[in-house]
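Novice: In the numbering used here, the protein residues as written are 23 to 296.
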Ligand code: KIV
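1) Pick out the complete beta strand (DSSP E) segments inside the region 136 to 223, 3 residues or longer, and give them in chain order.
2) Beta strand (DSSP E) containing residue 110: first to last residue?
3) Between 184, 246, 93 and 161, which lies nearest to residue 203 when the distance is taken from Cα to Cα?
4) Do you know offhand how far residue 142's Cα is from residue 83's?
5) Pull up the distance between the alpha-carbon of residue 63 and that of residue 229, whole angstroms please.
6) Evaluate residue 209 with the Cβ neighbour count: other Cβ atoms within 10 Å of its Cβ, from every protein chain shown; 16 or more gives buried, anything less gives exposed.
7) Please determine, among 88, 190 and 244, the residue with the shortest C-alpha to C-alpha distance to residue 219.
8) Thinking C-alpha only, which one of 74, 116, 33 and 257 is nearest residue 90?
9) Within 8 Å, do at least three Cβ pairs link the region 49 to 67 to the region 177 to 191?
10) Quick check on residue 154: buried or exposed, where buried means 16 or more other Cβ atoms within 10 Å of its Cβ?
11) Give me, in chain order, the residues of the same chain whose beta-carbon lies closer than 6 Å to that of residue 244; leave out the 5 immediate sequence neighbours on both sides.
12) Residues bridged to residue 48 by DSSP?
13) In terms of residue numbering, what span does the alpha helix (DSSP H) encompassing residue 261 cover?
14) Does the beta carbon of residue 93 fall short of 8 Å from some heavy atom of ligand 1?
15) Given a cut-off of 9 Å, decide if residue 95 and residue 109 are closer than it, judged by their beta-carbon atoms.
16) Buried or exposed, going by whether 16 or more other CB atoms sit within 10 Å of the CB of residue 178?
17) Am I right that residue 18 and residue 227 are in contact with their C-beta atoms under 8 Å? What's the rounded C-beta distance?
18) Among the residues of its own chain, which have a CB less than 6 Å from the CB of residue 113, if the five just before and after it don't count?
19) Cβ atoms of residue 131 and residue 36: under 9 Å apart, would you say?
20) From residue 183 to residue 270, what distance separates their C-alpha atoms?
21) Could you tell me which residues DSSP pairs with residue 227 in its beta bridges?
22) Which whole-angstrom value is the C-beta distance of residue 46 and residue 104, which I expect to be below 8 Å?
23) Cα-Cα, which of 273, 286 and 199 is closest to residue 38?
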């Protein structure tokens with residue numbers, strides 16, 4: 023006999039079925055506490071390898087390891103109940119071969135119990151995506167600006183700025199879709215290209231800095247909350263939590279230094295000696 027949860031989580035096929043439907047709402051989270059909040063409003067929670075920048079202060083996502091992704095993936099699964107949780111495959115965990123990718127993806131699915139993985143690359147990763155998707159691993163693609171390739175790209179510049187450079191990105195989108203991915207993140211591409219891709223492939227596109235022409239949107243939570251030191255230019259801020267958190271920390275520090283910090287007598291109603 024099995025004990026099954028009465029709460030139904032969204033699945034990769036649910037998200038795939040949203041093509042041309044209600045826009046897909048996706049945010050990143052790396053922790054149980056933010057996952058619980060994001061879970062109330064989002065269809066998909068991405069445990070992005072941006073955690074390397076946001077949580078660990080790395081300049082790029084290159085140093086992020088599989089163990090780091092699994093640890094935070096488990097926290098997000100514990101904090102959420104409804105959203106599909108997608109965990110990023112970090113740089114070096116999938117590019118060497120489709121077998122390496124499968125082993126890494128299996129570790130992520132087994133150890134976090136998340137519903138899908140995401141990996142970067144279009145045409146060059148199509149064979150790997152097909153291998154994973156054909157073996158029970160739902161894959162979200164990621165094309166356009168692919169931050170794990172920063173050392174060959176040279177900068178985090180927007181992609182496909184001139185029409186003459188669109189073709190390889192369109193080819194990437196088609197390759198990911200035809201390989202069996204259930205959706206694809208399109209990062210930092212111009213609106214006309216995002217629109218063209220969205221209209222021409224069978225799976226939902228999820229844009230980040232790629233205009234409202236996509237089937238859904240994703241942002242890094244800390245960027246939209248005003249907690250990131252250098253958020254990308256395209257990010258719209260929905261909060262300014264940095265100054266609020268700083269004011270709270272300052273208030274605490276001031277109280278402690280002024281010996282105005284409430285002690286246990288406050289809680290237990292004990293009389294203090296005068
Ligand atoms: O790692 C991440 O947070 C991402 C998003 C920027 C899409 O891949």
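Ideal placement from N, C-alpha and C gives every residue a C-beta, glycine not left out.
Specialist: The answer reads as follows:
1) 138 to 140, 161 to 166 and 205 to 209
2) 106 to 110
3) 161
4) 12 Å
5) Near 18 Å, if we compare the C-alpha coordinates of residue 229 and residue 63.
6) buried
7) When each option's Cα is compared against that of residue 219, the closest is 190.
8) 74
9) Too few Cβ pairs lie closer than 8 Å, so no.
10) Buried is the call here.
11) 76 and 250
12) In the DSSP assignment, residue 48 is bridged to 66 and 240.
13) Where residue 261 is concerned, there is no enclosing alpha helix (DSSP H), given that its DSSP letter is neither H nor E.
14) In terms of side-chain proximity, the C-beta atom of residue 93 is found no nearer than 8 Å to any non-hydrogen atom of ligand 1.
15) yes
16) exposed
17) For residue 18 there is no data in the structure shown, the boundaries of the chain being 23 and 296.
18) Hits under 6 Å: 84 and 170.
19) no
20) 43 Å
21) BP columns for residue 227 point to 206.
22) 14 Å between Cβ atoms; not a contact.
23) 199
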